[in-house]
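Chemist: The structure that follows is given in the form of structure tokens.
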Amino acid sequence: MTTRFLLLMPSSSCVMPACNRPVSHRYLVIMCRPGTRMSLACLLLLPMLERRKYSLMSRPEGKLMASKPPGVQAAAEPVRDRQDLLKPDAIGIAQATVIGMATSAPAATVAISLAAFAAATAYASGPILLIAAIPMLIIANAYRRLNLWSANCGASFEWVGRAINPYLGFLTGWLMIVTYIVGTVAGVIVLGPSILAVTGADSAGTGASVAIAGIVVLVMLVLAVVGIRISARAQIGMAVIEYAILIGIAIAGLVWVLSHHAGSYPITSSWFTLSGVGGHGDVMGAFLLVIFVYGGWDGTLYVNEEVEHRKVYPGRAAVIAVAALAVIYTLVQVGLQGVVSPAKLQENGGSALVYIAQVMGGTALARIMAVAIALSVIATTGAGIILGARIVYGMASYRALPGFLAGVSRRYSTPVASSVVVGVLIAAISAVYLLATSLQSAFVDIISILGDLLAILYILTTLAALTYYRRRITASWRDAIVVGVLPLGAAGFLGYILYRSLSSAWDSSQAQVWTLLGVIASGLVMMLIARFALRSVFFRLPIESEPRAGD
């Protein structure tokens with residue numbers, strides 16, 4: 001094993017300087033300061049030292065520090081004890097992709113956005129979804145490039161902090177935590193009614209909804225603690241059933257519409273324009289919804305320390321997840337939005353998928369669709385706990401959060417403390433929302449800014465990629481386009497959508513804007529605590545960029 005040493009010698013006239021290169025042998029040269037007499041032998045035979053006892057600053061470079069791809073600068077690792085590392089090579093690219101897609105929760109997302117998206121686009125949802133997938137793919141590629149540089153589960157927290165500014169990096173990490181916890185809670189609070197709909201029971205019972213939510217969070221928390229591998233297998237199983245039901249019913253719905261069943265809304269050429277039927281489509285409003293619909297694919301990067309080929313596969317999984325989500329969302333939206341009339345679709349907007357399944361196949365098909373929605377919510381709950389815990393763990397590794405959150409179970413190789421904290425927060429917030437109706441409007445305001453938070457995170461991460469790889473932009477025309485123009489255009493696209501969203505919110509109730517400012521302000525408070533109370537080393541990290549060729 002190669003170890004870096006910084007060792008102070010007893011003599012005041014002779015010290016061993018900090019080594020710039022790993023020392024891979026037992027012999028160290030002791031350099032004497034100019035102008036002093038040599039009080040020690042210049043060549044000292046040192047036995048192999050026990051790392052914990054003699055090394056003031058040591059960093060093992062073993063299996064977890066994967067070899068860097070050509071042209072990618074090696075990244076400094078967080079300061080962790082050896083036993084506090086996640087299990088490497090625990091899952092493959094397929095499991096990582098499914099975890100990212102589970103965070104997006106296709107069935108649950110379509111269930112709450114189908115009617116709204118059809119109204120916003122005037123049934124031109126297909127082109128809007130496919131066009132919006134392009135900047136998402138570009139941003140996913142930016143994540144992929146950053147992961148080649150530094151494959152740590154802090155992801156955007158580290159990338160932004162080490163490429164742009166550590167204070168901005170901390171704020172990015174805080175927004176990541178809020179996004180994943182609130183996004184998971186948004187799914188958990190509809191879990192009870194979804195499961196009760198499967199059994200045919202009354203879905204209005206608050207007590208039953210709280211109990212179901214608590215049980216599901218507890219089960220998924222246990223799976224998250226026991227190990228990433230078993231959690232990934234559970235995600236695969238739920239995904240197969242969910243996607244099979246969703247895609248199968250979407251294809252059946254498309255056939256239903258093309259067969260001109262009574263009450264259906266026929267497909268016309270206007271469905272394939274940007275303005276929609278009668279030119280009534282709101283393109284920008286639709287793009288605002290798209291960020292919410294696609295959001296979550298970046299979850300593939302937060303398990304990167306546990307994925308095979310940690311520098312390569314997680315980023316590749318992100319690109320695959322975006323492409324797969326684009327296909328699923330486009331097929332389901334186009335296939336199902338015309339099964340019933342526009343009036344009926346909007347009338348049943350809160351349970352559009354179940355209602356459409358009821359129209360097509362009666363109670364049996366409606367319950368099957370409810371199963372898909374319930375599985376989607378359960379899967380996103382599990383993914384939210386896994387990913388939220390790893391973001392917290394990644395930040396705590398730098399003492400940007402309390403140090404106990406950086407602990408890892410030696411038995412399960414999972415961040416138990418972080419997982420428990422995230423799981424308890426999700427369960428507690430969900431229970432408060434369901435039981436305290438007076439607080440529901442405040443939480444709805446937080447949920448309403450999820451799209452804005454995702455846009456901010458994607459913009460900051462893309463700018464981090466531009467900053468770190470800036471020297472490549474002038475290296476060739478290809479790099480100028482792929483590394484510079486396309487990411488800048490994608491970030492600008494999301495920036496304009498964010499501006500339109502906040503402008504629209506300010507002109508109406510203003511609650512959305514103040515809620516977003518409140519989340520950012522709370523992040524600033526936490527940043528001050530991390531900087532001055534926890535004395536996080538993160539704020540002293542140097543700014544990095546990819547070196548020039550030959551450096």
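The sequence shown begins at 1 in the UniProt record's numbering and counts up by one.
We put the CB at the ideal spot given by N, CA and C, even for glycine.
Would you mind sorting D81 into buried or exposed? The rule is 16 or more other CB atoms within 10 Å of its CB.
Modeler: Because the pLDDT at D81 is just 44, under 50, the model does not fix this residue reliably, and the value given afterwards should be weighed accordingly. Its Cβ having fewer than 16 others within 10 Å, D81 is exposed.
Chemist: For A372 versus I236, is the C-beta spacing smaller than 7 Å?
Modeler: No.
Chemist: Suppose you measure from the CA of G349 to the CA of G276; what does that come to, to the nearest Å?
Modeler: In a straight line, the C-alpha of G349 is about 19 Å away from that of G276.
Chemist: By alpha-carbon positions, which one of A108, I497 and T268 ends up nearest to L289?
Modeler: Comparing Cα positions, the closest option is I497.
Chemist: Helix, strand or coil, according to DSSP, for V283 in the structure here?
Modeler: In this structure, V283 counts as helix in the three-state DSSP scheme.
Chemist: Would you mind working out which of Y469, A533, W514 and L517 sits nearest R162, comparing C-alpha positions?
Modeler: Of the listed residues, the one whose Cα sits closest to R162 is Y469.
Chemist: Sorted by chain position, which residues of the same chain lie with C-beta nearer than 7 Å to V198's C-beta, five sequence neighbours on each side aside?
Modeler: Correct list, in chain order: R367, A370, V371 and A374.
Chemist: For V225 versus A427, is the C-beta distance shorter than 7 Å?
Modeler: No, they are not a contact pair.
Chemist: Pick out whichever of A124, L353, L486 and T300 has its Cα sitting closest to the Cα of G285.
Modeler: If we check each option's Cα against that of G285, A124 comes out closest.
Chemist: Using 10 angstroms around the beta-carbon of W506, count the other beta-carbons present and answer buried if the total reaches 16, otherwise exposed.
Modeler: W506 should be labelled exposed.
Chemist: Can you give me the Cβ contacts of V160 inside the same chain, cut-off strictly under 7 Å, excluding the 5 residues immediately before and after it?
Modeler: Excluding sequence neighbours, V160 sits near L168, G169, T172, L460, T461 and A464.
Chemist: Which residue's Cα is closest to the Cα of A396: P135, M526 and S231?
Modeler: Cα-wise, what sits closest to A396 is M526.
Chemist: Quick one, which of A379, L336, G484 and A343 has its alpha-carbon nearest Q358's?
Modeler: Among A379, L336, G484 and A343, the Cα nearest to that of Q358 belongs to L336.
Chemist: Count the C-beta pairs between the region 305-322 and the region 85-97 that are closer than 8 Å, then say yes if the count reaches three, no if not.
Modeler: Yes: at least three Cβ pairs fall under 8 Å.
Chemist: In the DSSP assignment, what are the bridge partners of V307?
Modeler: Answer by DSSP bridge pairing, in chain order: I91.
Chemist: Starting from D298 and walking both ways along the alpha helix (DSSP H), at which residues does that stretch end?
Modeler: Run containing D298: none; DSSP gives neither H nor E here.
Chemist: Given L450, which residues of its chain have a CB within under 8 Å of its CB, disregarding the five upstream and five downstream residues?
Modeler: The residues are T179, V182, G183, A186, F292 and G295.
Chemist: For K87, which residues from the same chain have a beta carbon less than 6 Å from its beta carbon, with the 5 sequence-adjacent residues on both sides left out?
Modeler: Hits under 6 Å: E306 and S413.
Chemist: Work out the CA separation of C153 and A90 for me, nearest whole Å.
Modeler: When rounded, the distance between both Cα atoms is 14 Å.
Chemist: Using the C-alpha atoms, what's the distance from A115 back to K344?
Modeler: Approximately 10 Å between the Cα atoms of the pair.
Chemist: When you compare the CB positions of A105 and S430, do they come within less than 7 Å of one another, or not?
Modeler: For A105 and S430, no; Cβs fall outside 7 Å.
Chemist: Thinking C-alpha only, which one of G227, A108 and L274 is nearest A239?
Modeler: Minimum Cα distance to A239 is reached at A108.
Chemist: Under the assumption that I391 contacts I139 (Cβ atoms under 8 Å), give the Cβ distance between them as a whole number of angstroms.
Modeler: Actually they are not in contact, since the Cβ atoms of I391 and I139 sit about 18 Å apart, beyond 8 Å.
Chemist: Near F495, what residues of its chain come up, given a Cβ to Cβ distance below 8 Å and the 5 sequence neighbours on each side ignored?
Modeler: This sequence places Gly at residue 495; Phe is not what is there. A455 and I459.
Chemist: Roughly how many whole angstroms lie between the Cα atoms of S270 and A133?
Modeler: About 20 Å.
Chemist: Let me make sure I understand the geometry here. Which of P193, I356, P314 and G92 has the alpha-carbon closest to that of R233?
Modeler: The shortest C-alpha separation from R233 is found at G92.
Chemist: What three-state label does DSSP hand Q337 in the structure shown?
Modeler: Three-state result, Q337: coil.
Chemist: Relative to the alpha-carbon of L175, which residue among F272, A521, V421 and A530 has its alpha-carbon at the smallest distance?
Modeler: When only C-alpha atoms are compared, the closest one is A521.
Chemist: Between P266 and I386, what straight-line distance do the alpha-carbon atoms span, to the nearest angstrom?
Modeler: If I take the Cα positions, the gap works out to 43 Å.
Chemist: Among S545, Y302 and I195, whose alpha-carbon lies nearest the alpha-carbon of P415?
Modeler: If we check each option's Cα against that of P415, Y302 comes out closest.
Chemist: Once the 5 residues before and after A511 are set aside, which same chain residues still bring their CB inside 7 Å of it?
Modeler: Excluding residues within five positions, the ones whose Cβ falls inside 7 Å are D445.
Chemist: As a quick exercise: from S418, I215 and A208, pick the residue whose alpha carbon is nearest that of G407.
Modeler: For the residues S418, I215 and A208, the minimum Cα distance to G407 belongs to S418.
Chemist: DSSP three-state call for S409: helix, strand or coil?
Modeler: In the structure shown, S409 sits in coil (DSSP, three-state: anything other than H, G, I, E or B).
Chemist: Taking 7 Å as the threshold (C-beta atoms), are V327 and W256 in contact?
Modeler: No, they are not a contact pair.
Chemist: Which same chain residues end up closer than 7 Å to G253 when comparing Cβ atoms and leaving out the 5 residues on each side of it in sequence?
Modeler: The answer, listed in chain order, is G335, L336, V339, I356 and M360.
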